[in-house]
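Residue numbers (the working numbering), protein chains in the order written: chain A, 1 to 47; chain B, 48 to 564; chain C, 565 to 751.
This report refers to the structure that appears directly beneath it.
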Amino acid sequence: PLVKDHVYQLTMLDAAYQHLPHPSDSERLRHYLPRNPCPTPSYYYQL
Amino acid sequence: FDDPPGLHEKTEYLLREWVTMYHSPAAGRDSTKAFTAFVQQMHQQGILKTDDLITRFFRLCTEMCVDLCYRALSEQTHSPTLIRAKCFHTLDAFVRLIALLVKHSGDSANTVTKINLLHKVLGIVAGVLIQDHEVRCTEFQQLPYHRLFIMLFIELNAPEPILESINLQVLLAFCQVFHILRPAKAPGFAYAWLELVSHRVFIGRLLALTPQQRGWGMYAQLLMDLFRFLSPFLRNAELSKPTQLIYKGTLRVLLVLLHDFPEFLCDYHYAFCDVVPSNCIQMRNLILSAFPRTMRLPDPFTPNLKVDSLPDIAQQPRILTNFVSMIQPSSFKKDLDSYLKTRAPINFLSELRSNLQQSVEPGCHYNIPLINALVLYVGTQAIHFIHGKGQSSSMGTIAPSSHMDIFQNLAVNLDTEGRYLFLTAIANQLRYPNSHTHYFSCTILYLFAQANNEQIQEQITRVLLERLIVNRPHPWGLLITFIEMIKNPNFKFWNHEFVHCAPEVDKMLESVARSCL
Amino acid sequence: MVTDQFGIVGLLSFIRATETNQHLVPALIPGIDLTTLGLNLNSPEILYSTFQSPWAEAPCRPQDIDFHVPSEYITNIFIREKLAPIKLNRYGEDLLFFLFYMSGGDVLQLAAAAELHTRDWRYHKEERTWMTRAPGMEAVVKTNTYERGTYYFFDAQKWRKVAREFHLEYDKLEERPSLPPTLHHNP
């Protein structure tokens, strides 16, 4: 069984999981061509 | 506490002013014009008068930026993109102000003032984060702090002469603050923390661009923080989705390191394996599979591969962890050295097991770091002893010796858990061709051949087999050891009952044997 | 034999458990196929410089990576308002193909695809490339499910149109892509 500290850590991790960082959080703001992620067909090029 | 009256209002006014100036067309290249004007305003408002006031100013600015983000995040109507744009509008301006103050504080030659200011600001942001983390608990949001740290790091790593001259101290300052904010201390910040620590600019600076690999030790420390945090959650059987995500993220980072910086993983493999839980087999295999890029690994499946004659097999691998210092208490180390030299005190062996059972970790019956350090220390002493006689490791040269007395004593006298941990410590040395891989491969095969009861042989098989049946990569030393064990008739491997104890085991061993042979 | 979890039977019982209970730690047995994590492990190039994030299934696209460029190069929000809005119907095919291939997973890829569709290009879902009729080359065989003839294919590697005889089945062509309602708000 997890000790108290680890239970607290897991609870906080679960909460953070609800609002994960987005790659654009680490990128300069793009005023002209910002990222606009959206699902595209699997047969399109992803890379 | 005790902010002078009016400071809060003054700071709010100044921050608003700065954000407007930063975004105005008249800000000039890299906001330098705006900065010159703004510093005048800070002087007029008396902010720069004392160190204490500057500290309070930065803390209040940080708190205001954080509050603004929480307000933006609470506006349900806005899209994540819009929320971020609102937050970053102010945060990026504040980052620029910090970067300019760091660059231009003290005269250009005075790097100490600059670095002291950077440490102060990073400490303030960390302090606000930890307090926020404690107060808001599961409502804590990483967004503002993540943005502040990464944009400030990128700004202070711009290719400018003034920054290049203080780059190592800048890296050290960030590594220290990320260590302070390690996941075990701020678990609500763990995802952002791993993003920061694995950011391409951060990895590039610490592992590739900093001369003489002076960033490696700092980066290793941060990875250890991550493994220590993950360890209790991976030791259990059920992984929650949040834990699975950060576990997979860790694997991605390790894969990048394995691909781009294998020598880094080679140098710190010992320290990492000390904290990666022993049931995290694939992650550990990944670390142990690293080998220097200059090395060409002979195919381990080559029939009749002559390991002894490989050019690198006698090379001592670099281990940048002071594992000898982990052998505590000093009285135990003294007896150990004495036993290795003179096989006295004779009760050293009989007390060995109890010495290894002083565990500090809750839930562990053994002191795993001590077992790992003991095994590596005795092994390196043995290699030194063998090479000192002008010999190389082989089944004939590794015994009889006081070193092998210790290993055989551990194999025979430990209980199944202790023996599993002991054999795991040996298997953790089976890596690319080097003198440690060679010695420990001979040792584990010797223990198999000399075992006075089948349980020892069964557990040796278990420790090797569990590493082979997980997905790749598999360390070279592990493969050649297992191939030797199942192929060499002297070990009579296929005669053992445990090999045929269940159809799956038969099938598993057959398939591993087929892929090996 | 060893009867607890530290022997062969212990390993076996865990293997059996992982086969029945998917929540068990994939870290253990059989672990994860590391080639499925979105990293090109055989790449001759270094990986870290395009590493997007520990949670990302793909590396950064070139336009996602900030390089230190003179600040004048960076679009300031004040310049932004003066720049013409993005209108794909005013751009040449070359730029549309560029936006399509460079914007994987982004609404821009869909928008470029829609504009190409408007210009009589069709995306072949199996060939995974764009094709259009070669001017003046009618199909030699035409039925209501397929046709055969000479067509232009856009070759993204050579970055040019390549004429090719082809047996075209209509159901392999993608319908006109539909754009999501919420196009990007610019702050």
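Note that the Cβ used here is the ideal one computed from N, Cα and C, for glycine as well.
Quantities reported herein were computed from a predicted structural model and do not represent experimental measurements.
Within the 7 Å Cβ cut-off, does residue i reach chain A?
i        : result
B/Phe135 : yes
B/Arg76  : no
C/Lys646 : no
B/Ala560 : no
B/Ala237 : yes
B/Ile197 : yes
C/His749 : Its pLDDT being 41, under 50, C/His749 is placed unreliably in this model, and the value from its coordinates should be taken loosely. No, because no Cβ of chain A sits closer than 7 Å to the Cβ of C/His749.
B/Arg194 : yes
B/Pro206 : no
C/Ala622 : yes
Below 7 Å between beta carbons: does that hold for residue i and residue j?
i        : j        : result
C/Ser617 : A/Pro23  : yes
C/Glu679 : C/Leu660 : yes
B/Ile453 : B/Val425 : yes
C/Thr682 : C/Phe718 : no
B/Thr444 : C/Val566 : no
B/Ile507 : B/Leu470 : yes
B/Ala420 : B/Phe379 : no
B/Val172 : B/Leu138 : no
A/Pro21  : B/His246 : no
C/Leu598 : B/Glu551 : no
B/Leu403 : B/Tyr413 : yes
B/Arg365 : B/Asn460 : no
B/Leu335 : B/Pro480 : no
B/Phe221 : B/Phe236 : no
C/Thr829 : C/Ala727 : Residue 829 of chain C cannot be examined here, being either before or after the span of chain C that is shown, 565 to 751.
B/Arg131 : B/Ser78  : no
C/Ala698 : C/Tyr716 : yes
B/Pro234 : A/Gln9   : yes
B/Val175 : B/Thr102 : no
Does residue i come within less than 7 Å of chain C when only Cβ atoms are used?
i        : result
A/Asn31  : In the sequence under discussion, the amino acid at residue 31 of chain A is His, which differs from the Asn named in the question. Yes, contact with chain C.
A/Pro37  : yes
A/Pro23  : yes
A/Gln46  : yes
B/Arg118 : no
Report yes or no: is there a C-beta of chain F within less than 7 Å of the C-beta of residue i?
i        : result
B/Tyr467 : No chain F is present in this structure, whose protein chains are A, B and C.
Note down, in chain order, each residue of its chain lying with its Cβ closer than 6 Å to the Cβ of residue i, except the 5 sequence neighbours on either side.
i        : result
B/Val168 : Phe105, Ile145
B/His485 : Ile360, Ser440
C/Asp684 : Thr696
B/Leu511 : Phe529
B/Ile227 : Ala173
C/Asp628 : none
Give a yes or no on whether 7 Å exceeds the smallest Cβ distance from residue i to chain B.
i        : result
C/Pro745 : no
C/Phe633 : The sequence as given places Val at residue 633 of chain C; Phe does not occur at that position. Cβ-Cβ to chain B under 7 Å: no for C/Val633.
C/Pro618 : yes
C/Phe662 : no
A/Tyr17  : yes
C/Ile610 : yes
C/Asp628 : no
A/Val3   : yes
CB-CB under 7 Å to residue i, same chain, minus the five flanking residues each way: which ones, in chain order?
i        : result
B/Gln329 : Val517, Asn518
C/Asn653 : Glu679
B/Glu531 : Leu492
B/Ile473 : Val422, Phe487, Thr490, Ile491
B/Val322 : Met271, Phe274, Arg275, Ser278
Within the same chain, show all residues whose beta-carbon is closer than 8 Å to that of residue i, passing over the 5 residues directly before and after it, in chain order.
i        : result
C/Thr709 : Glu733, Tyr734, Asp735
B/Ile430 : Gln363, Ser440, Ser482, His483, Tyr486
B/Gln428 : Leu387, His450
B/Ala81  : Trp65, Met68, Tyr69, Ser71, Ala73, Ala74, Gly75
B/Asp553 : Val546, His547
> Can you list the alpha helix (DSSP H) stretches of 4 or more residues lying completely in the stretch 382 to 442 of chain B, in chain order?
Replying inline: Counting only runs that start and end inside the stretch 382 to 442 of chain B, the alpha helix (DSSP H) elements of at least 4 residues fall at 394 to 403, 415 to 435.
>> Quick check on the DSSP output: what are the complete alpha helix (DSSP H) runs of length 4 or more inside the stretch 108 to 188 of chain B, in order along the chain?
In response: If one requires a minimum length of 4 residues, the alpha helix (DSSP H) runs lying completely within the stretch 108 to 188 of chain B are 127 to 151, 158 to 183, in chain order.
> Are three or more beta carbon pairs between the stretch 306 to 315 of chain B and the stretch 488 to 505 of chain B nearer than 8 Å?
Replying inline: Touching, no.
> Are at least three pairs of beta-carbons, each pair with one atom in the stretch 605 to 621 of chain C and one in the stretch 236 to 252 of chain B, less than 8 Å apart?
Replying inline: With contact defined as three or more Cβ pairs closer than 8 Å, the stretch 605 to 621 of chain C and the stretch 236 to 252 of chain B are in contact.
>> I'd like to know if the stretch 640 to 653 of chain C and the stretch 18 to 33 of chain A are in contact, where contact means that at least 3 CB-CB pairs between them fall below 8 Å.
In response: With a cut-off of 8 Å, the stretch 18 to 33 of chain A and the stretch 640 to 653 of chain C count as touching, because enough Cβ pairs lie within range.
>> Taking contact to mean 3 or more Cβ pairs, one atom from each stretch, closer than 8 Å, check whether the stretch 40 to 47 of chain A and the stretch 653 to 673 of chain C are in contact.
In response: Counting Cβ pairs under 8 Å, three or more are found: they touch.
> At what residue ranges does the stretch 264 to 328 of chain B contain a whole run of the alpha helix (DSSP H), taking only runs of 4 or more?
Replying inline: If only uninterrupted alpha helix (DSSP H) runs of at least 4 residues are considered, those enclosed by the stretch 264 to 328 of chain B are 288 to 307, 309 to 322.
> When the Cβ atoms of the stretch 180 to 189 of chain B are set against those of the stretch 157 to 164 of chain B, are three or more pairs found closer than 8 Å?
Replying inline: No, the stretch 180 to 189 of chain B is not in contact with the stretch 157 to 164 of chain B.
>> What ranges does the alpha helix (DSSP H) occupy inside the stretch 591 to 671 of chain C, keeping only unbroken runs of at least 4 residues that lie completely in it?
In response: Listed in chain order, they are 641 to 646, 657 to 666.
> Can we say the stretch 149 to 156 of chain B touches the stretch 110 to 130 of chain B, given the rule of at least three CB pairs closer than 8 Å?
Replying inline: By the criterion of at least three beta-carbon pairs nearer than 8 Å, the stretch 149 to 156 of chain B is not in contact with the stretch 110 to 130 of chain B.
>> Tell me whether the stretch 290 to 301 of chain B and the stretch 494 to 503 of chain B touch, counting them as touching only if at least three CB pairs, one residue from each stretch, are closer than 8 Å.
In response: The stretch 494 to 503 of chain B and the stretch 290 to 301 of chain B do not touch, with fewer than three beta-carbon pairs separated by less than 8 Å.
>> Suppose only complete runs of 3+ residues qualify. What are the beta strand (DSSP E) ranges in the stretch 683 to 745 of chain C, listed by chain order?
In response: Counting whole runs of 3 or more residues, the stretch 683 to 745 of chain C contains the beta strand (DSSP E) stretches 686 to 688, 693 to 697, 710 to 719, 724 to 733.
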